[in-house]
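Only one structure is covered here, and it is reproduced in the block below.
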Amino acid sequence: MIKKIILWGGVTAFLCVLFYYLIPITLYQSFTSFIAFTGGISIAISAAIFTLGLVTAVNNGKTSNKRDIIGSILIIGVFLSCLVGGVITFLSRDVSLVNEELERNGVFVVAKVVGGDSFSTRSIDMTKIRVMFKLDNGNNTTEDVFMSKYEFKQFYLDQELPILYSSKNPSIVKVLTTDEEIYKYSHLRK
Numbered sequence: 076m077i078k079k080i081i082l083w084g085g086v087t088a089f090l091c092v093l094f095y096y097l098i099p100i101t102l103y104q105s106f107t108s109f110i111a112f113t114g115g116i117s118i119a120i121s122a123a124i125f126t127l128g129l130v131t132a133v134n135n136g137k138t139s140n141k142r143d144i145i146g147s148i149l150i151i152g153v154f155l156s157c158l159v160g161g162v163i164t165f166l167s168r169d170v171s172l173v174n175e176e177l178e179r180n181g182v183f184v185v186a187k188v189v190g191g192d193s194f195s196t197r198s199i200d201m202t203k204i205r206v207m208f209k210l211d212n213g214n215n216t217t218e219d220v221f222m223s224k225y226e227f228k229q230f231y232l233d234q235e236l237p238i239l240y241s242s243k244n245p246s247i248v249k250v251l252t253t254d255e256e257i258y259k260y261s262h263l264r265k
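Residue numbers for the sequence shown follow the numbering used here, beginning at 76 and rising by one.
In structure tokens:
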């Protein structure tokens, strides 16, 4: 019994580290929702099995209605807490990873809007603009910047706008929309 508890505790800890620290930013950015839900569900299941082992060990295999109800409530509580907490944590992790990457390796340039499209339903918003800009090495690149359908209405074809991109991974792009952001990042390499 103790081996199973240690095993599932280790699996839970490994899943937390895997989904929070070991997945590269490019995968996080491309599959944010999938990673968030997969990570949340995986951690919730392993944590619930770990908790089940703890409850069984504490009860020494004995059963009683009161112990079973308390144990069941505890397992369900751990499952739901890990599921909701994991999904929220992993969804917000994408934003923090992008911000950290741009703080470390951000390059300020002026880009040009060369396209874009908006597809949205009640629950899905796949709106993006396509921007073209010059990299440090002199090559031009074109990248998609995802945004809400409301932000999309602010942009038009051939518009020039300030952006910040990662010198390590140019697909990580942020449109600078406020004067504070432009002032803060305009001193970075152009």
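Cβ coordinates follow ideal geometry from the N, Cα and C atoms, glycine included.
Does residue i come out as helix, strand or coil in the three-state DSSP assignment?
i: Asn-140; result: helix
i: Tyr-231; result: coil
i: Leu-28; result: Here the chain covers residues 76 to 265 and nothing more, so residue 28 does not appear.
i: Ser-171; result: helix
i: Ile-124; result: helix
i: Thr-196; result: coil
i: Ser-156; result: helix
i: Ser-117; result: helix
i: Lys-243; result: coil
i: Ser-147; result: helix
Quickly, what does DSSP pair residue i with across the bridge? List them, please.
i: Met-207; result: Lys-187, Thr-217
i: Ile-37; result: Outside the modelled stretch of the chain, which goes from 76 to 265, sits residue 37, for which no answer is possible.
i: Thr-101; result: BP columns for Thr-101 are empty, so no partner.
i: Thr-107; result: DSSP lists no partner for Thr-107.
i: Met-222; result: Thr-202
Below 8 angstroms on the Cβ atoms is my contact criterion, and I expect residue i with residue j to pass it. Report the Cβ-Cβ distance as a whole number of Å.
i: Leu-236; j: Val-188; result: 7 angstroms
i: Lys-203; j: Asp-192; result: 7 angstroms
i: Thr-87; j: Phe-112; result: Their Cβ separation, rounded to whole angstroms, is 17 angstroms, which puts Thr-87 and Phe-112 out of contact at 8 angstroms.
i: Ala-119; j: Cys-157; result: 4 angstroms
i: Met-222; j: Asn-215; result: Actually they do not touch by this definition, with Cβ atoms about 22 angstroms apart.
i: Asn-134; j: Arg-142; result: 5 angstroms
Quick one, are the C-beta atoms of residue i and residue j less than 8 angstroms apart?
i: Ile-247; j: Val-170; result: no
i: Ile-80; j: Ala-132; result: yes
i: Glu-218; j: Pro-245; result: yes
i: Phe-165; j: Gly-84; result: no
i: Arg-168; j: Tyr-103; result: yes
i: Gly-146; j: Val-159; result: no
i: Arg-205; j: Gly-190; result: yes
i: Ile-110; j: Ile-98; result: yes
i: Met-76; j: Gly-152; result: no
i: Asp-211; j: Ser-261; result: no
i: Lys-249; j: Leu-177; result: yes
Can you determine whether any heavy atom of the ligand ZN sits closer than 7 angstroms to the C-beta of residue i, and answer yes or no?
i: Ile-81; result: By its list of ligands, the structure shown contains no ligand whatsoever, and the ligand ZN lies outside what it can speak to.
Are the stretch 174-190 and the stretch 229-245 touching, with three or more C-beta to C-beta distances below 8 angstroms? Contact between the stretch 174-190 and the stretch 229-245 is present, because at least three Cβ pairs lie under 8 angstroms.
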